Each structure stands twice: as structure tokens, then as C-alpha cells.
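*Asks:* Numbering (the UniProt record's numbering), first residue to last: 12 to 343.
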Ligand code: KG4
Ligand code: ZN
């Protein structure tokens, strides 16, 4: 049977993104517009600027992606859009656009949780990745460990009680004067530093509570910078090492409580970090787990993961070509 074709829309943070993905994992077409330049002067995402940029770009982007792929609305089987969590102005632009397209074309609307998009994106990149798997979701807004047991079946094993890890990277970059977005800049600077040079805390390490905490680590970075005894590169490298140690400690604990799992998967923007990837790979090997990390373009926010989550939902709910499929109510 012909796999379904889903149009995906992502607009919950600072990327406007559109993708057409098939149920067999083919990314037919996609586009992404980053708002990095607009937000950079403010050192972080400004919700009002983000919402306006999404509103300006989304409709022409949908038309361009579909036009370039030679795909009309009539060829699409469902329309998926991020319905939250995220900055509400941006979410509304994407979700309401998706609703309008679904209504106009009489196609089902699939309202996708942004985190579900990240959680399932590894299966788009790695067709052999089966449920269940242990997922480390590390982005600018989230830091969680999830047991992914099936489509729609996610058990949260750990979350942050203050900052997300990406946020800690961004704040560290700000303290070090590296600009925004901070993650890649901290990683680059860390390459020239000594990860053991600066004594920094490992918040909650060894704690029986299944949580992360990064606010104290950020404060310690600030004190190290103000102290003036260490080079920025040493501080960046030591910060990154502290983050790695926290991740591994919490994963160890999650595994002990809810394991074993055949696979460890990392997703979210911070998964772009090579030092973190290497540490996770070693952790997985030690515990005889398969390790999967989506390619970088699928780790950071994108619309292919939203369209793919839609494909996964169609498959899980027994979608058939030509058969009526309800999707989510258009009036929720
Ligand atoms: O998943 P994502 O694109 O957006 C959110 O949903 O938050 O993640 C963005 C986050 C930012 O905080 C960024 O600094 C971080 O991911 N990030 C990194 C790296 N690349 C992006 N953090 C550490 N190392 C990196 N190489
Ligand atoms: Zn995200």
C-alpha cells in the first residue's frame, strides 16, 4: 500500500519550518527559516518578534515547499502541526494555519506535541529503531528522560527542576560573552580548554530523586568568571564536563529504576554536542544498548519530525489509503 503523505508545520520557538514526509520515512521536501538574526541582539528569543516572523513567513513557505515538490493539497493525506508546548504566539500561527488548510481541503488535522516530535524523530532517521527505548531529550526548553514504549506511550523518568540543559548552555555563553545561540559557541570554545581545570558542582548527582538541576551550575560559572582565575576556554570545557557528568548520572539512575532498555536515543538541540554524544555512546556501549542520535538537522527544531509524528500516529491508528480518517477535532 502507498504510505501516507503528511504536511508538517513547526512554529513553536524561533524556527519556522514546513515539511512533507511519507509514512515510509521519505522526506519529500522541507524548508526551515531560522530567526536567529532577529533575536541575537536580545540574547534570547523574544516571543513577540517570533510570532510576527512566523506570521510573515509561514504561508509563503508552505506554498513554496509544496510548489517545488509539485504536491497539491489534494495529494496530502493529513496535516500535522505543533500544538504545544511552546511560545503561544508562534504555536497559534502554525496550528491555526494547519486548521485552515485541513478545513479547506477536508483532510484530517493532527495536533502534535512538540516533545513527541523530538521523541519519535530518531525512528525517522533509523528505521530499525523499535520500541521501547530510553530517550534523553535535551533542548533549549526541556531536559527529560523518557521511556518511549510506543506511539503516544511515553513515561517520564526525569525532568529538570529549574533550567533546561540548552538553556544552561545559552546562559553560560552569555556569561562568557559568546553571544546567542550559545550551545555551539560553548562547544567550540570548550575544545581549547581543560575540562578538569575549574571545580564546578554536579547538581543532584547521586540523588535518588529522578531530576536534573542546572541553575546552580550556571551560578557557579558566573562566580568562576567573576573570580578571574580561569580562562574562558577552561570554564567552557569544565561546564560542559559537569553537564555530561550530570546526564550520565541521571541516565544511570533511570536505567536502574526502569530498565533495562534495548536502546538509548538522544534528541533535541543539545544532541548536536559532540562531547555529549560521545559520552552517551560510551554509556550505551557499557550497558549493551544500541545508540541512536538523529542527524543534526533532525535534532534541532524542524518540521520533518512533526510530519513524521503525524505519520506514526496514522500508522498506529490503522490509517488506510482512501478510508475516512478523523484526526483531531478542528474545534479544540
Ligand atoms: O531543540 P532545539 O532546537 O529547540 C528547543 O526546542 O529548545 O534546541 C535548541 C537548544 C539551544 O539551547 C542551543 O544552545 C542548544 O540546543 N544547542 C547546543 C548545541 N547546539 C544547539 N547545546 C550544546 N552544544 C551544541 N553543539
Ligand atoms: Zn525543540
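Note that CB positions come from ideal geometry on N, CA and C, so glycine has one too.
In this text, all values refer to a predicted model and were calculated from it rather than measured experimentally.
Rounded to a whole number of angstroms, what is the C-alpha to C-alpha distance between residue 185 and residue 54?
*Replies:* As a position in the chain shown, residue 185 is number 174, starting the count at 1. As a position in the chain shown, residue 54 is number 43, starting the count at 1. In a straight line, the C-alpha of residue 185 is about 7 angstroms away from that of residue 54.
*Asks:* Tell me whether the beta-carbon of residue 32 lies closer than 8 angstroms to the beta-carbon of residue 310.
*Replies:* Looking up residue 32 in the chain shown gives position 21. Looking up residue 310 in the chain shown gives position 299. The answer is no: Cβ separation not under 8 angstroms.
*Asks:* Just verifying my parser: in three-state terms, what is the DSSP assignment at residue 24?
*Replies:* In the chain shown, counting from the first residue as 1, residue 24 sits at position 13. If DSSP states are grouped into helix, strand and coil, residue 24 belongs with coil.
*Asks:* Let me check you understand the geometry: is the CB of residue 150 closer than 7 angstroms to at least one non-hydrogen atom of the ligand ZN?
*Replies:* Residue numbering aside, residue 150 sits at position 139 when the chain shown is read from its first letter. For the ligand ZN, at least one heavy atom lies less than 7 angstroms from the Cβ of residue 150.
*Asks:* Using only alpha-carbon positions, find the residue among 148, 173 and 182 that is nearest to residue 167.
*Replies:* Taking the chain shown and counting its residues from 1, one reaches residue 167 at position 156. Closest option to residue 167, Cα to Cα, is 148.
*Asks:* Taking the alpha-carbon of residue 135 as reference, which of 315, 224 and 196 has the nearest alpha-carbon?
*Replies:* As a working mapping, residue 135 is identified with position 124 in the chain shown. With distances taken between Cα atoms, residue 135 lies closest to 315.
*Asks:* What do you get for residue 312, buried or exposed, if any count of 16 or more other CB atoms within 10 angstroms of its CB means buried?
*Replies:* Walking along the chain shown from the start, residue 312 turns up at place 301. The residue is buried, with at least 16 neighbouring Cβ atoms inside 10 Å.
*Asks:* Cα separation between residue 144 and residue 218?
*Replies:* Numbered from 1 along the chain shown, position 133 holds the residue referred to as residue 144. Numbered from 1 along the chain shown, position 207 holds the residue referred to as residue 218. Cα-Cα distance, rounded: 23 angstroms.
*Asks:* When burial is assigned at 16 or more other CB atoms within 10 Å of the CB, is residue 332 buried or exposed?
*Replies:* Position 321 of the chain shown holds residue 332. Its Cβ having fewer than 16 others within 10 Å, residue 332 is exposed.
*Asks:* Out of 236, 259, 243 and 195, which one is the CA nearest neighbour of residue 216?
*Replies:* The residue labelled residue 216 in the question sits at position 205 within the chain shown. It is 259 whose Cα lies nearest to the Cα of residue 216.
*Asks:* State the start and end residues of the unbroken alpha helix (DSSP H) segment that holds residue 113.
*Replies:* In the chain shown, the residue the question calls residue 113 occupies position 102. From DSSP, the alpha helix (DSSP H) with residue 113 extends over 99-116.
*Asks:* Going by alpha carbons, who is nearest to residue 220 out of 235, 228 and 268?
*Replies:* By 1-based counting over the chain shown, the position of residue 220 is 209. Checked all of 235, 228 and 268; the closest Cα to residue 220 is 268.
*Asks:* Below 8 angstroms between beta carbons: does that hold for residue 36 and residue 93?
*Replies:* Indexing the chain shown from 1 puts residue 36 at position 25. Indexing the chain shown from 1 puts residue 93 at position 82. Cβ distance not < 8 angstroms, so residue 36 and residue 93 don't count as in contact.
*Asks:* Could you check which residue in 307, 275, 20 and 246 has the C-alpha nearest to that of residue 125?
*Replies:* Here residue 125 is taken as the residue at index 114 of the chain shown, counted from 1. Ranking 307, 275, 20 and 246 by Cα distance to residue 125 puts 20 first.
*Asks:* Give me the residue from 291, 306, 88 and 307 with the minimum Cα distance to residue 300.
*Replies:* Taking the chain shown and counting its residues from 1, the one referred to as residue 300 is at position 289. Out of 291, 306, 88 and 307, 291 has the C-alpha closest to the C-alpha of residue 300.
*Asks:* State the start and end residues of the unbroken beta strand (DSSP E) segment that holds residue 291.
*Replies:* Walking along the chain shown from the start, residue 291 turns up at place 280. Careful: residue 291 lies outside any beta strand (DSSP E), inside the alpha helix (DSSP H) at 285-297.
*Asks:* Taking only three categories from DSSP, how would you classify residue 177?
*Replies:* Within the chain shown, numbered from 1, the residue matching residue 177 stands at position 166. Three-state DSSP puts residue 177 in a helix.
*Asks:* What would DSSP say about residue 158, mapped onto helix, strand or coil?
*Replies:* Position 147 of the chain shown holds residue 158. Looking at residue 158 - three-state DSSP - the assignment turns out to be strand.
*Asks:* Looking at the strands, I want to know which residues DSSP matches up with residue 42.
*Replies:* Sequence index remark: in the chain shown, residue 42 carries index 31 (1-based). Answer is 29, bridged to residue 42.
*Asks:* How far does the alpha helix (DSSP H) with residue 234 in it extend, from its first residue to its last?
*Replies:* To locate residue 234, count along the chain shown from 1; it is residue 223. Element bounds for residue 234: 226-238.
*Asks:* How about residue 248 and residue 212: are their beta carbons less than 8 angstroms apart?
*Replies:* What you label residue 248 is simply residue 237 of the chain shown in a count that begins at 1. What you label residue 212 is simply residue 201 of the chain shown in a count that begins at 1. No.
*Asks:* Taking C-beta to C-beta, are residue 283 and residue 229 nearer than 8 angstroms?
*Replies:* Position 272 of the chain shown, counted from the first residue, corresponds to residue 283. Position 218 of the chain shown, counted from the first residue, corresponds to residue 229. Not closer than 8 angstroms, so no.
*Asks:* Thinking C-alpha only, which one of 325, 261 and 131 is nearest residue 225?
*Replies:* Taking the chain shown and counting its residues from 1, the one referred to as residue 225 is at position 214. Looking at the Cα atoms, 261 is the closest of the given residues.
*Asks:* Can you have a look at residue 12 and say buried or exposed, based on whether 16 or more other CB atoms are within 10 angstroms of its CB?
*Replies:* Counting from one through the chain shown, the residue named residue 12 turns up at place 1. Exposed is the call here.
*Asks:* Would you list the one or two residues that DSSP bridges to residue 19?
*Replies:* Mapped onto the chain shown, residue 19 falls at position 8. The partner list for residue 19 (beta bridge, DSSP) reads 30 and 91.
*Asks:* Between the alpha carbons of residue 325 and residue 88, how many angstroms are there, rounded?
*Replies:* For the purposes of this step, residue 325 is taken as residue 314 along the chain shown, with counting starting at 1. For the purposes of this step, residue 88 is taken as residue 77 along the chain shown, with counting starting at 1. Whole-angstrom Cα-Cα distance: 10 angstroms.
*Asks:* Do you know offhand how far residue 153's Cα is from residue 75's?
*Replies:* For the purposes of this step, residue 153 is identified with residue 142 of the chain shown, where counting begins at 1. For the purposes of this step, residue 75 is identified with residue 64 of the chain shown, where counting begins at 1. Distance between the alpha carbons of residue 153 and residue 75 is about 31 angstroms.
*Asks:* Quick check on this structure: which residue in 85, 65, 60 and 38 has the alpha carbon closest to the alpha carbon of residue 44?
*Replies:* By one-based count along the chain shown, residue 44 stands at place 33. Residue 65 is the option with its Cα nearest to residue 44.
*Asks:* Hey, residue 222 and residue 170 are a contact pair by Cβ (cut 8 angstroms); roughly how many whole angstroms apart?
*Replies:* To locate residue 222, count along the chain shown from 1; it is residue 211. To locate residue 170, count along the chain shown from 1; it is residue 159. 6 angstroms between Cβ atoms; contact.
*Asks:* Grab me the residues of residue 255's own chain with a C-beta within less than 7 angstroms of its C-beta, minus the 5 sequence neighbours each way, in chain order.
*Replies:* Within the chain shown, numbered from 1, the residue matching residue 255 stands at position 244. Excluding residues within five positions, the ones whose Cβ falls inside 7 angstroms are 286, 287 and 290.
*Asks:* Whose C-alpha, out of 264, 265, 214 and 209, is nearest the C-alpha of residue 240?
*Replies:* If you number the chain shown from 1, residue 240 lands on position 229. The shortest Cα separation from residue 240 among 264, 265, 214 and 209 belongs to 209.
*Asks:* Assuming residue 76 is part of the alpha helix (DSSP H), what are its boundary residues?
*Replies:* Numbered from its first residue, the chain shown carries residue 76 at position 65. Note, residue 76: alpha helix (DSSP H), 58-80.
*Asks:* Do residue 159 and residue 115 have their CB atoms nearer than 8 angstroms?
*Replies:* What you label residue 159 is simply residue 148 of the chain shown in a count that begins at 1. What you label residue 115 is simply residue 104 of the chain shown in a count that begins at 1. No, the pair does not count as a contact, with Cβ atoms beyond the cut-off.
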